[in-house]
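Peer 1: Numbering (our numbering), first residue to last: 1 to 221.
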């Protein structure tokens, strides 16, 4: 699972919903709370922001429908759980220079990025914050879930025989399949990443089962 982390949540007191309703009754513009996870609020505007950023990065149309907002809310719940673990372990945020490099790389790949951002309604500060949190989360996942993972020769051989060779022949009919030794490093990397992803998925499943989560249904209508 390609995990994308974006800090879009706000720590709120238990009376947050009451205060939101009170200010709404006074005619003030409020940011509706959509989900509460471990006393951390995910707001409606945070969900919309992440839908816009995801669409920008995927070069896809922005979908702000109810189903899309709920799917994004589920992703943000996972990000809250990861962020909580990062805070417990005092995991460091990436330095600004790393974020600068990530943004520069994106601009190089997409020369019209500024115009695209305007079209998607994404500011540079929002994009930078998203890139910073993506970097932090990817590094945390590597630190937290990769140690101890290893791949045996048998696993490499099985992957080569059952997946790599058939897929290569399907993509490149008539071409000779590269020897296993020539692609061993690539196969090991793939299998290691699968193990990291499985460990992450299992951890998220366990954390989600323990975490109090409340959806505010009105925010998704």
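Glycine included, each C-beta is placed from N, C-alpha and C at the ideal position.
For the beta strand (DSSP E) that contains residue 43, what are its first and last residues?
Peer 2: Counting from one through the chain shown, the residue named residue 43 turns up at place 43. Its beta strand (DSSP E) spans residues 40-43.
Peer 1: Suppose the cutoff is 6 Å on Cβ atoms and the five residues either side in sequence are ignored; what does the same chain contact list for residue 215 look like?
Peer 2: As a first step, residue 215 is located in the chain shown; it is residue number 215 there, counting from the start. Answer for residue 215: 35, listed in chain order.
Peer 1: What are the boundary residues of the alpha helix (DSSP H) that residue 88 is part of?
Peer 2: Taking the first residue of the chain shown as 1, we reach residue 88 at position 88. Per DSSP, residue 88 belongs to the alpha helix (DSSP H) from 66-88.
Peer 1: Taking just the CA atoms, how far does residue 31 sit from residue 55?
Peer 2: On the chain shown, residue 55 is found 55 positions in, with the first residue counted as 1. On the chain shown, residue 31 is found 31 positions in, with the first residue counted as 1. So the alpha carbons of these two residues sit roughly 22 Å apart.
Peer 1: Need the endpoints of the beta strand (DSSP E) that residue 214 sits in, please.
Peer 2: Along the chain shown, one-based indexing puts residue 214 at 214. Start and end: 213-215.
Peer 1: Alpha carbons only, please: which of 129, 171, 151, 187 is nearest the one belonging to residue 93?
Peer 2: Mapped onto the chain shown, residue 93 falls at position 93. The shortest Cα separation from residue 93 among 129, 171, 151, 187 belongs to 129.
Peer 1: Can you tell me the Cβ-Cβ gap for residue 156 and residue 192, rounded? I've got them flagged as a contact below 8 Å.
Peer 2: The sequence position of residue 156 within the chain shown is 156, counting from 1. The sequence position of residue 192 within the chain shown is 192, counting from 1. Residue 156 to residue 192, Cβ: 11 Å. No contact.
Peer 1: Name the DSSP beta bridge partners of residue 35, please?
Peer 2: Translated into positions along the chain shown, residue 35 becomes position 35. 42, 215, per the DSSP bridge assignment.
Peer 1: Can you have a look at residue 88 and say buried or exposed, based on whether 16 or more other CB atoms are within 10 angstroms of its CB?
Peer 2: Within the chain shown, the letter at position 88 stands for residue 88. Burial call: exposed.
Peer 1: Distance, Cα to Cα, residue 21 vs residue 165?
Peer 2: Counting from one through the chain shown, the residue named residue 21 turns up at place 21. Counting from one through the chain shown, the residue named residue 165 turns up at place 165. Low confidence applies here, because residue 21 scores a pLDDT of 37, under 50, leaving its location unreliable and the question unanswered by this model.
Peer 1: Once you ignore the five residues that flank residue 84 on each side, which residues in its own chain have a CB closer than 8 Å to its CB?
Peer 2: In the chain shown, the residue the question calls residue 84 occupies position 84. Around residue 84: 38, 40.
Peer 1: Exposed or buried, what is residue 210 when buried is set at 16 or more other beta-carbons lying within 10 Å of its beta-carbon?
Peer 2: Residue 210 sits at position 210 when you count from the first residue of the chain shown. Residue 210 comes out exposed.
Peer 1: Could you check where the alpha helix (DSSP H) with residue 195 kicks off and where it finishes?
Peer 2: As a working mapping, residue 195 is identified with position 195 in the chain shown. Element bounds for residue 195: 180-210.
Peer 1: Identify, in the order they occur along the chain, each residue of the same chain with its Cβ nearer than 7 Å to the Cβ of residue 95, setting aside the five sequence neighbours on each side.
Peer 2: Position 95 of the chain shown, counted from the start, is the residue given in the question as residue 95. Contacts found: none.
Peer 1: Is it the case that the Cβ atoms of residue 149 and residue 205 are separated by a distance below 7 Å?
Peer 2: The residue you call residue 149 lines up with position 149 of the chain shown. The residue you call residue 205 lines up with position 205 of the chain shown. Against a cut-off of 7 Å, the Cβ pair of residue 205 and residue 149 comes out as no contact.
Peer 1: With H, G and I counted as helix, E and B as strand and the rest as coil, what does DSSP make of residue 24?
Peer 2: Here residue 24 refers to the residue found at position 24 of the chain shown. Low local confidence applies: a pLDDT of 38 at residue 24 is under 50, so the model's placement there is unreliable, with the coordinate-based value given in what follows. Helix.
Peer 1: Taking the continuous alpha helix (DSSP H) assigned at residue 146, which residues delimit it?
Peer 2: Taking the chain shown and counting its residues from 1, one reaches residue 146 at position 146. It is not in any alpha helix (DSSP H) - residue 146 carries neither H nor E in the DSSP assignment.
Peer 1: Measuring straight from C-alpha to C-alpha, what distance separates residue 169 and residue 97?
Peer 2: As a working note, residue 169 is residue 169 in the chain shown. As a working note, residue 97 is residue 97 in the chain shown. Cα-Cα distance, rounded: 43 Å.
Peer 1: Which class does residue 151 belong to by DSSP, given the choice of helix, strand or coil?
Peer 2: Residue 151 sits at position 151 when you count from the first residue of the chain shown. Note: residue 151 maps to coil in three-state DSSP.
Peer 1: Whose C-alpha, out of 57, 44, 199, 218, is nearest the C-alpha of residue 119?
Peer 2: Position 119 of the chain shown holds residue 119. Ranking 57, 44, 199, 218 by Cα distance to residue 119 puts 57 first.
Peer 1: Give the secondary structure of residue 98 by DSSP, where H, G and I count as helix, E and B as strand, and everything else as coil.
Peer 2: As a first step, residue 98 must be located in the chain shown, where it is residue number 98. The answer is helix: DSSP assigns residue 98 an H, G or I state.
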